[in-house]
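Protein chains in written order, with full-length UniProt numbering: chain A, 1 to 290; chain S, 1 to 369.
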């Protein structure tokens with residue numbers, strides 16, 4: 001192909017007036033080399049008195065924080081100055097690990113278990129830490145309960161964003177909408193057969209409240225006095241899940257919080273696991289010394 | 001209200017099953033096991049009558065309970081009253097088993113429910129070939145033209161999140177004149193995409209169905225020797241995957257061939273339910289076109305009390321409305337009489353009207369005047 005077409009001479013002369021110069025790549029040292037693996041999370045609560053908590057207020061970020069901590073890893077840094085749009089996939093959390101590349105590698109949330117497996121020295125467990133196959137199957141059921149009714153109640157009990165906020169952050173929110181969380185999905189607020197175009201979702205906290213109460217009762221009943229959920233010997237991913245939801249609920253609106261606060265075993269369990277999770281993290285110091 | 005009956009409003013029966021929706025079917029079977037002969041079923045095609053916008057919902061006088069868990073908890077509370085004759089089929093479960101049952105319910109509704117909605121609404125061939133014609137046949141005009149599409153749209157987000165939305169039809173056989181050209185161009189990439197998507201869905205379905213097969217583990221029912229609410233919920237979803245004649249039935253074939261234990265369990269529950277006395281069908285409520293224009297419906301429209309105070313109140317209200325309208329009409333007439341008098345005296349008014357009709361000479365006339 002290249003030999004069949006050649007540049008005509010006058011054009012060549014014209015192009016020679018504008019020579020192309022290539023320069024070698026400029027090496028530059030990374031200003032702030034990454035020392036520890038850093039998890040980018042949504043900002044934690046800032047209480048007016050007392051020390052700043054390192055646990056994120058966002059359920060998704062907290063799930064992964066708890067997972068990393070409960071798998072036995074320690075000395076992981078956290079930073080919360082990066083908004084969701086800056087994270088990988090437009091969603092927090094993102095894990096920044098020191099790697100072969102000078103800047104380190106960025107991992108999406110779904111890749112965190114693989115990274116943790118590579119860091120933890122124990123062998124592969126087909127049961128993922130559960131007591132037996134039956135418990136492992138049951139864990140799927142509890143995950144769907146937590147991700148369904150409990151997650152929806154948590155979202156509905158949070159303050160609704162004002163229309164101005166929604167306008168400003170129009171493309172920033174990549175969370176799952178309420179229509180995708182519940183099954184069957186909620187009907188539109190305007191109804192299916194009205195002539196108005198469909199709008200909104202016919203779901204409210206009061207409608208969900210009986211199911212939510214039953215769900216929390218079931219969780220408390222199943223936990224009983226066990227150290228870890230489903231009677232596992234060691235913490236599992238389900239424990240991380242459950243801790244994230246309990247922690248967020250206990251620091252949120254009154255109605256949802258009261259339901260969980262009624263069960264002493266849930267509150268005590270959350271407190272115990274919370275200290276363990278928080279102990280595994282430290283603030284990424286570079287940003288906060290300046 | 002001791003006289004009011006319990007009426008369950010559901011989607012109509014199809015394909016040899018009591019309803020075409022899994023939650024409605026589960027509710028009917030549950031009520032037949034716990035309160036046989038004490039309830040009526042009203043076949044409805046208007047989900048907007050329900051408090052939460054979905055069928056089924058159970059009415060008893062002024063009360064209404066929508067969604068399967070709230071119907072179950074209502075019936076459980078009824079069963080505590082000894083005189084009601086209502087049985088609690090979950091009574092034999094221990095507290096721990098009850099807790100597990102609640103978790104499994106939500107798993108069934110989320111995952112099996114997703115598979116059922118995928119088969120009915122996610123696959124194009126099934127929606128256009130089965131679901132839409134069925135829904136159209138039960139709905140009146142004009143709802144039949146736009147409501148099935150809206151119901152499908154409401155499932156879109158959930159199915160897209162689970163990766164079960166809108167597979168291109170795999171076993172379609174187009175006989176349209178353009179099909180040949182399209183096929184030649186897209187054949188390779190289209191076939192691979194379709195096969196890949198189909199394989200993803202099948203893998204997901206296999207994981208979910210394996211879970212239930214292991215849970216069942218050759219037992220007759222999930223917990224005891226008689227069906228509980230979880231058995232009913234699971235059976236309803238399995239029956240709605242097994243019975244309907246789907247045009248694109250790959251998932252159905254997988255279920256019937258590889259998971260015979262789940263299908264047998266569903267048939268066993270169906271058989272137990274069939275042994276209860278049959279339910280009555282309540283007369284269907286009339287739907288009016290005017291009701292389409294309301295926004296936010298009230299649930300119970302049946303409370304026609306013959307309370308004398310209410311009757312008097314209604315009469316007085318109509319009297320007030322008539323009086324108000326009459327007074328307004330009288331005022332308008334008086335005002336228009338005044339207008340008429342002005343018009344007769346002022347002749348220029350008439351001239352202006354004629355000039356307006358003629359057009360060009362308007363302004364000259366005005367200047368002269």
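C-beta: ideal position from N, C-alpha, C; glycine also.
Checklist entry - Taking C-beta to C-beta, are residue 230 of chain A and residue 135 of chain A nearer than 8 Å? => result yes
Item to check | Bounding residues of the beta strand (DSSP E) (the contiguous stretch that carries residue 95 of chain A) | outcome: 94 to 97
Item to check | Cβ distance (whole Å) where residue 282 of chain S is taken to contact residue 41 of chain S below 8 Å | outcome: 7 Å
Item to check | Beta-carbon gap between residue 282 of chain A and residue 77 of chain A smaller than 8 Å | outcome: For residue 282 of chain A and residue 77 of chain A, yes; Cβs fall inside 8 Å.
Checklist entry - With 16 as the cutoff for other CB atoms within 10 Å, does residue 273 of chain A come out buried or exposed? => result buried
Checklist entry - Less than 8 Å separating the beta-carbons of residue 55 of chain S and residue 11 of chain S? => result yes
Next on the checklist: Is the separation between the beta-carbon of residue 202 of chain S and that of residue 250 of chain S shorter than 8 Å?
Outcome noted: yes
Checklist entry - Which of the three DSSP states, helix, strand or coil, is assigned to residue 79 of chain A? => result strand
Item to check | Per-residue burial, residue 57 of chain S [other beta carbons within 10 Å of its own, 16 or more giving buried] | outcome: Buried, by the Cβ-count rule.
Item to check | Helix, strand or coil at residue 271 of chain A according to DSSP, with G and I counted as helix | outcome: helix
Checklist entry - Roughly how many angstroms separate the alpha carbons of residue 96 of chain A and residue 74 of chain A, rounded to a whole number? => result 15 Å
Checklist entry - Which residue or residues does DSSP assign as beta-bridge partners of residue 6 of chain S? => result S:39 and S:60
Next on the checklist: Within a Cβ cutoff of 7 Å, which residues of the same chain sit near residue 241 of chain A, ignoring the five residues on either side of it in sequence?
Outcome noted: 63, 143 and 146
Checklist entry - Tell me the DSSP bridge mates of residue 283 of chain A? => result In the DSSP assignment, residue 283 of chain A is bridged to A:78.
Checklist entry - Is the stretch 203 to 217 of chain S touching the stretch 107 to 121 of chain S in the sense that three or more CB pairs, one from each, lie closer than 8 Å? => result yes
Next on the checklist: Measuring straight from C-alpha to C-alpha, what distance separates residue 259 of chain S and residue 206 of chain S?
Outcome noted: 9 Å
Item to check | DSSP beta-bridge partners of residue 38 of chain A | outcome: Looking at the DSSP assignment, residue 38 of chain A forms a beta bridge with A:77 and A:96.
Item to check | Given residue 106 of chain A as reference, the closest of A:120, A:86, A:125 and A:119 once Cα atoms are compared | outcome: A:86
Next on the checklist: Under 7 Å: does the beta carbon of residue 13 of chain A sit that close to some heavy atom of the ligand MG?
Outcome noted: As far as ligands go, the structure on display features none, and thus does not contain the ligand MG.
Checklist entry - Closest Cβ-Cβ distance between residue 17 of chain A and chain S: below 8 Å? => result No, because no Cβ of chain S sits closer than 8 Å to the Cβ of residue 17 of chain A.
Checklist entry - Could you check where the alpha helix (DSSP H) with residue 230 of chain S kicks off and where it finishes? => result Element bounds for residue 230 of chain S: 229 to 242.
Next on the checklist: Within a Cβ cutoff of 6 Å, which residues of the same chain sit near residue 82 of chain A, ignoring the five residues on either side of it in sequence?
Outcome noted: 40
Item to check | DSSP-derived helix/strand/coil call for residue 277 of chain S | outcome: Residue state for residue 277 of chain S is assigned as coil, using DSSP reduced to three classes.
Item to check | Three-pair Cβ contact test at 8 Å for the stretch 111 to 121 of chain S versus the stretch 239 to 253 of chain S | outcome: yes
Next on the checklist: Taking the straight line between their C-alpha atoms, what separation do you get for residue 71 of chain S and residue 100 of chain S?
Outcome noted: Looking at the two C-alpha atoms, the distance is approximately 19 Å.
Item to check | residue 8 of chain S and residue 23 of chain S closer than 8 Å at C-beta | outcome: no
Next on the checklist: Is residue 143 of chain S close to chain A? Criterion is C-beta to C-beta, closer than 8 Å.
Outcome noted: yes
Checklist entry - Taking the alpha carbon of residue 80 of chain A as the point to measure from, which residue in A:67, A:53 and A:89 has its own alpha carbon closest? => result A:53
Checklist entry - Can you give, in chain order, each stretch of the beta strand (DSSP E) that sits fully within the stretch 52 to 77 of chain A and has at least 3 residues? => result none
Item to check | Min CB distance residue 183 of chain A to chain S below 8 Å | outcome: yes
Item to check | Under 7 Å by beta carbon: chain A residues contacting residue 109 of chain S | outcome: Chain A residues near residue 109 of chain S: 183.
Item to check | residue 197 of chain A versus residue 145 of chain S - alpha carbon distance | outcome: Distance between the alpha carbons of residue 197 of chain A and residue 145 of chain S: 14 Å.
Checklist entry - Shorter than 8 Å from the beta carbon of residue 265 of chain A to some beta carbon of chain S? => result Judged by the 8 Å Cβ criterion, residue 265 of chain A is not in contact with chain S.
Next on the checklist: Taking 8 Å as the threshold (C-beta atoms), are residue 152 of chain A and residue 181 of chain A in contact?
Outcome noted: yes
Checklist entry - Just curious, the alpha helix (DSSP H) that residue 217 of chain A is in, first and last residue? => result 205 to 223
Next on the checklist: Give me the subset of the stretch 55 to 76 of chain S whose CB atoms are less than 7 Å from a CB atom of chain A, sorted by chain position.
Outcome noted: 69, 70 and 73
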